[in-house]
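Residue numbers (the numbering used here), protein chains in the order written: chain Z, 1 to 341; chain D, 1 to 346. Everything on this sheet refers to the single structure shown next.
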């Protein structure tokens, strides 16, 4: 085991895969000589040169489309979007072209693309630089979606994503880039897509934490064990498409209670879809309504004192878990748009 | 409308002398004539089966525009590639697509290029360098740029990509971004704008303050041409120059081809166009123009042409008949071809 930051782990994955296969290209805004605005690709340009680490103009549509075309001509492109919020501009190339190209060519081609991007709030980047938009990509058939929260998961999943024959949206957590974690040192450490990780075993409540909320979920679980003697099982799905539903349903079978925490808004979200899946496959297991901890349905506010409340706090997670143990919903665990104006 | 001024460079506005046009050899020239006849034959039949309801949905006929696909594709090599448009039967046939598989696709049969699951706007033949027709205006242009990026990064720009798009798509952000990125990085692609003057019902003079789309090239720092899109040799000349330049590492070019759609936008939407205008453009039919040239050059006789046209017609009709007999796409196929890696944890 070695200790790396989340950012270093991603950089290692990129380096190893680019060394292993010279068809792997990295391109996007400022990824080259500058090393990326979050310094994730630092050193790669020097190591691999201008034909493999390519600075593009400020052109998300062209970045996404270039990934499609390059893949069709035999490259394995890793296309970076500086912030997930900017992928909105590229949605035709991502959802209508990349996602559907295999289907619409009758299986003649596969597109081994990785769309990499940072998401998440907490850095005062404000509403257009802080979203958690995984739901957009999970909704489109033909895209795989991965959202790791630890250095080890980031490394293992990125390597797998790059080797995957299909388009993978690899969503990074910008607030976790400098967070350290243990990463296996083995040669070629891979985590397959479609496998969830039980980050903390427990018998009383299943807490599914999506993306960066894993960190606070674990903190809440630790505190609840101490103060309430509630043993929370924290599950990190890691891979949203394909989703390891079986692990989650099995956990609910054992605990009888489910709480979901995410940074995305509730409406049409991954968490909402997961709740439906568990209700269908594990209805008989549940002794409480499905708990849900997420931000209010407002754009991410800018100042710290608001952004901190906007995000799912450890306290709100604890409240939801306690309510689930009591077989109830908390009196108010989601601020709805009705409460905001 | 052009008469005489068939290849114009932008921004210099220099008109090419006829003797400086790169020209195809006579075998290629004849192939170009045959291809145009083939495209016309296919699309007239495609329109018929669409209007009769036999083919679901609609088709976007290329009738009248044949010289562009044929002129550009004749200037490309076997390792080059194209991305096409919603009006893509012409590009597909010009790149050697099998009319049987094309009809099969339009009729929803298993043997179609998209296994019958895409229809007219989703015909891709990557083995023949056709990265696909596309249902999104301007959707294929960034994809061609991507192919050119791979060619530049991995093949020293040996493979050239041609991106087709219309006057409507010319105003999409995707086309702007693609042209700029390709020019900035010096990528081996050729942007081919087929300006048939209408984006469904909106005329180019309303959609853009500058109706000569080729003029935009200067804004991106690349070579630009405006050519007579009814003359396949004019198209060939400009495309040939552009492809050679791209392959030599000189980056992309933009070629605007002035043309006209004789059968309107699609079998679903056909806004009226002024009759006089349509008559003018039909008087300059691309097949007639090239046939006259081939006759006067002595590379074909009138009888040979008629025989060739009859053979092509018979072949196209046979292709339709064969497609009619082909198996419809089985229901289970609807669930296939989403991902290549089928193993998932469920």
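A virtual CB, placed ideally from N, CA and C, is assigned to each residue, including glycine.
Which of helix, strand or coil DSSP assigns to residue i
{"i": "residue 343 of chain D", "result": "Residue placement at residue 343 of chain D cannot be trusted, given a pLDDT of 44 that sits under 50; the coordinates are not used to answer."}
{"i": "residue 225 of chain D", "result": "strand"}
{"i": "residue 198 of chain Z", "result": "strand"}
{"i": "residue 136 of chain D", "result": "coil"}
{"i": "residue 177 of chain Z", "result": "coil"}
{"i": "residue 145 of chain D", "result": "helix"}
{"i": "residue 140 of chain Z", "result": "coil"}
{"i": "residue 241 of chain D", "result": "helix"}
{"i": "residue 254 of chain D", "result": "strand"}
{"i": "residue 321 of chain D", "result": "helix"}
{"i": "residue 278 of chain D", "result": "helix"}
{"i": "residue 43 of chain Z", "result": "coil"}
{"i": "residue 11 of chain D", "result": "coil"}
{"i": "residue 61 of chain D", "result": "coil"}
{"i": "residue 93 of chain D", "result": "helix"}
{"i": "residue 115 of chain D", "result": "coil"}
{"i": "residue 27 of chain Z", "result": "strand"}
{"i": "residue 34 of chain Z", "result": "coil"}
{"i": "residue 56 of chain Z", "result": "coil"}
{"i": "residue 18 of chain D", "result": "helix"}
{"i": "residue 163 of chain D", "result": "strand"}
Proximal chain D residues relative to residue i, where beta-carbon distance stays under 8 Å
{"i": "residue 52 of chain Z", "result": "153"}
{"i": "residue 68 of chain Z", "result": "142, 143 and 146"}
{"i": "residue 62 of chain Z", "result": "142, 145, 174, 177, 178, 180 and 181"}
Residues that residue i contacts on chain Z, provided the C-beta gap is smaller than 8 Å
{"i": "residue 113 of chain D", "result": "105, 106 and 108"}
{"i": "residue 290 of chain D", "result": "Near residue 290 of chain D there are no residues of chain Z at all, since even the closest Cβ is about 31 Å away, more than 8 Å."}
{"i": "residue 188 of chain D", "result": "Neighbours of residue 188 of chain D on chain Z: none; closest Cβ ~11 Å, over 8 Å."}
{"i": "residue 249 of chain D", "result": "Correct list: empty, because the minimum Cβ distance to chain Z is about 13 Å."}
{"i": "residue 117 of chain D", "result": "103, 104 and 106"}
{"i": "residue 131 of chain D", "result": "69 and 72"}
{"i": "residue 136 of chain D", "result": "92, 96 and 97"}
{"i": "residue 126 of chain D", "result": "72, 105, 108 and 109"}
Sequence-distant residues of its chain with Cβ nearer than 7 Å to residue i (five each side left out)
{"i": "residue 92 of chain D", "result": "84, 102, 123, 125, 130 and 133"}
{"i": "residue 269 of chain D", "result": "200"}
{"i": "residue 208 of chain D", "result": "171"}
{"i": "residue 288 of chain D", "result": "none"}
{"i": "residue 274 of chain D", "result": "none"}
Extent of the continuous alpha helix (DSSP H) to which residue i belongs
{"i": "residue 49 of chain D", "result": "26-51"}
{"i": "residue 6 of chain Z", "result": "6-20"}
{"i": "residue 264 of chain D", "result": "No alpha helix (DSSP H) holds residue 264 of chain D; DSSP gives it neither H nor E."}
{"i": "residue 161 of chain Z", "result": "151-163"}
{"i": "residue 103 of chain Z", "result": "101-104"}
{"i": "residue 337 of chain D", "result": "Counting along the chain, residue 337 of chain D falls outside any alpha helix (DSSP H), and DSSP gives it neither H nor E."}
Within chain D, the residues that residue i reaches when beta carbons sit closer than 9 Å
{"i": "residue 145 of chain Z", "result": "Within 9 Å Cβ-Cβ: nothing; residue 145 of chain Z doesn't reach chain D, min ~12 Å."}
Residue span of the beta strand (DSSP E) that contains residue i, given as start and end
{"i": "residue 247 of chain Z", "result": "Segment 245-255 is the alpha helix (DSSP H) holding residue 247 of chain Z; no beta strand (DSSP E) there."}
{"i": "residue 233 of chain Z", "result": "232-236"}
{"i": "residue 119 of chain Z", "result": "114-119"}
{"i": "residue 195 of chain D", "result": "189-195"}
{"i": "residue 239 of chain Z", "result": "239-241"}
{"i": "residue 206 of chain Z", "result": "205-209"}
{"i": "residue 385 of chain D", "result": "The shown model of chain D, from 1 to 346, leaves out residue 385 of chain D, and the question about it has no answer."}
Interface residues of chain Z facing residue i [CB-CB closer than 7 Å]
{"i": "residue 50 of chain D", "result": "Chain Z residues near residue 50 of chain D: none, gap ~19 Å exceeds 7 Å."}
{"i": "residue 338 of chain D", "result": "102, 103, 141 and 142"}
{"i": "residue 184 of chain D", "result": "57"}
{"i": "residue 107 of chain D", "result": "Here the premise fails: no neighbours, minimum Cβ distance about 14 Å."}
{"i": "residue 139 of chain D", "result": "92, 96 and 97"}
{"i": "residue 341 of chain D", "result": "164, 165 and 166"}
Cut-off 6 Å between Cβ atoms - residues of its own chain near residue i, not counting five sequence neighbours on either side
{"i": "residue 1 of chain D", "result": "The predicted model places residue 1 of chain D with a pLDDT of 47, which falls under 50 and marks its position as unreliable; any figure quoted below should be read in that light. No residues qualify anywhere along the chain."}
{"i": "residue 64 of chain D", "result": "260, 261 and 262"}
{"i": "residue 234 of chain D", "result": "6, 7, 227 and 228"}
{"i": "residue 76 of chain Z", "result": "23, 24 and 112"}
{"i": "residue 13 of chain Z", "result": "155, 158 and 159"}
Beta-carbon contacts of residue i that lie in its chain and below 8 Å, excluding the five residues immediately before and after
{"i": "residue 99 of chain Z", "result": "140, 141, 142, 143 and 167"}
{"i": "residue 345 of chain D", "result": "For residue 345 of chain D, the predicted structure reports a pLDDT of 31, less than 50, and the residue's modelled location is therefore unreliable. A value from the coordinates is still provided. Around residue 345 of chain D: no qualifying Cβ."}
{"i": "residue 328 of chain Z", "result": "288 and 289"}
{"i": "residue 147 of chain D", "result": "81, 83, 131, 159, 161 and 189"}
Closer than 7 Å at the beta carbon, the chain D residues around residue i
{"i": "residue 25 of chain Z", "result": "153"}
{"i": "residue 317 of chain Z", "result": "Near residue 317 of chain Z there are no residues of chain D at all, since even the closest Cβ is about 26 Å away, more than 7 Å."}
Cross-chain neighbours of residue i in chain Z, by beta carbon under 9 Å
{"i": "residue 122 of chain D", "result": "100, 103, 104, 105 and 106"}
{"i": "residue 150 of chain D", "result": "23, 25, 66, 69, 70, 71, 72, 73, 74, 75 and 77"}
Taking only beta carbons into account, state which residues of the segment 160-179 of chain D come closer than 8 Å to chain Z, listed in chain order.
161, 173, 174, 177 and 178
Would you list, in chain order, the members of the segment 72-101 of chain Z that have their beta-carbon closer than 8 Å to a beta-carbon of chain D?
72, 73, 74, 75, 77, 89, 92, 93, 96, 97 and 101
If you measure beta-carbon to beta-carbon, which residues of the segment 156-172 of chain Z are closer than 7 Å to chain D?
164, 165 and 166
Closer than 9 Å, Cβ to any Cβ of chain D: which residues of the segment 257-287 of chain Z, in chain order?
Against chain D - using a Cβ distance shorter than 9 Å - the segment 257-287 of chain Z contributes no residues.
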